[in-house]
Amino acid sequence: MSDKGNEAKNITRRTALERGAGVAAIGMAAAFATTVSTPSAAAAPGRDTLPTTVAGVRIPDTQLARETAAFARSVSSPTLFSHVMRTYLFSALLFDRQGVRYDRELAFVAAALHDLGLVAAYRTPTERFEVDGADAAQRFLKEQRMSAERVEVVWDAIALHTNVGIATRKRPEIAMISIGSGLDFAGNDIQQIPSEILEEILTEFPRAGFKQDAVDNILSLCRTKPMSVLMHPFAEVGRCHIPDFPVPTVEDLLRAAPFDE
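Mind the numbering: the sequence shown is residues 46 to 306 in my numbering, read in order.
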């Protein structure tokens, strides 16, 4: 067995955490300097106001929805902002066609804010990006005087959006963010979207290099706070692209458990 293989088997949870914390501390300056999704890249092309409908899907025009959209646009890159808007549109389209009843404003707000954890200004040194995003959304919505009960729904929707198996067992506004973002990220259930409807959505909110932007964001997380992707699907991207990626696999953790067997 190679030295690298022996080292992996000798990893303990403490070693992994200490190693990851060290890498994260070294890389924090780079995290805030990244140009992938930063507030400085906020100015989206075209109009600043949203259309009232896209592909037959109504975009809520409440004060909270407008403030949320303006905030999300101001802190996100144009590519990221278009992604969160497509997340809402795809999920609303699917749920509307199924006749599911949901709070449209709540779903829109959660979708618009669901990727704040990818924005450098809202990243913490150690939390998963979903939790960073949920916490940032919570702070913003409290400033908007949203009720605690509704804020909690948004927090759950954002924190759970990469775990479709759990999110889809929750209330519609939570499930929608996982389903909509998954459709836009990986094409899940795209066959349910008619081609002309898909074209209208992509014309209004173009992808504009979304795939590479997403990979860049994932790698930025892996480099600057690697232990935040421990047991996260993003870790596989780190292992493919980053030499000597310090995050142990699930098997490493299991075999390093402090039990004599």
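Built from N, CA and C at the ideal position, the CB exists for glycine as well.
From residue i to residue j, what does the alpha carbon distance come to, in whole angstroms?
| i | j | result |
| --- | --- | --- |
| Arg118 | Ser240 | 27 Å |
| Glu172 | Asn208 | 16 Å |
| Ile238 | Arg131 | 12 Å |
| Asp261 | Lys270 | 14 Å |
| Ile263 | Ala280 | 9 Å |
| Arg142 | Ala212 | 20 Å |
| Leu161 | Asp305 | 43 Å |
| Ile222 | Phe230 | 12 Å |
| His277 | Ile203 | 15 Å |
| Leu95 | Ile104 | 8 Å |
| Ala70 | Pro170 | Low confidence applies here, because Ala70 scores a pLDDT of 34, under 50, leaving its location unreliable and the question unanswered by this model. |
| Arg190 | Ala110 | 13 Å |
| Leu299 | Asp289 | 20 Å |
| Asp106 | Arg149 | 10 Å |
| Lys215 | Glu194 | 15 Å |
| Phe77 | Ser122 | Because Phe77 carries a pLDDT of 32, less than 50, the predicted location of this residue cannot be relied on, and no value is offered for it. |
| Tyr147 | Ser127 | 22 Å |
| Thr124 | Gly232 | 17 Å |
| Tyr167 | Leu243 | 31 Å |
| Phe140 | Gln236 | 15 Å |
| Pro336 | Phe174 | In the structure as shown, the chain starts at 46 and stops at 306, and residue 336 therefore has no counterpart that could be examined. |
| Glu188 | Gln108 | 13 Å |
| Gln257 | Ile287 | 16 Å |
| His159 | His206 | 8 Å |
| Gly283 | Ser192 | 38 Å |
Tell whether a beta-carbon distance below 8 Å holds between residue i and residue j.
| i | j | result |
| --- | --- | --- |
| Val274 | Cys285 | no |
| Val102 | Pro217 | no |
| Glu245 | Val99 | yes |
| Asp201 | Ile219 | yes |
| Val120 | Val164 | yes |
| Met272 | Val295 | no |
| Val176 | Leu186 | no |
List the DSSP bridge partners of residue i.
| i | result |
| --- | --- |
| Val102 | Val99 |
Contact the stretch 123-136 vs the stretch 219-232: 3+ CB pairs below 8 Å: A contact exists between the stretch 123-136 and the stretch 219-232.
Three CB pairs or more closer than 8 Å across the stretch 140-153 and the stretch 109-118: A contact exists between the stretch 140-153 and the stretch 109-118.
Any alpha helix (DSSP H) of 4 or more consecutive residues that is wholly inside the stretch 209-242: Listed in chain order, the complete alpha helix (DSSP H) runs (minimum 4 residues) inside the stretch 209-242 are 209-212, 217-231.
Cβ pair count under 8 Å reaching 3, the stretch 247-260 against the stretch 179-196: No, they do not touch.
Complete runs of the alpha helix (DSSP H) confined to the stretch 243-279 [at least 4 residues]: The DSSP assignment places 255-269 as complete runs of the alpha helix (DSSP H) inside the stretch 243-279, in order along the chain (cut-off: 4 residues).
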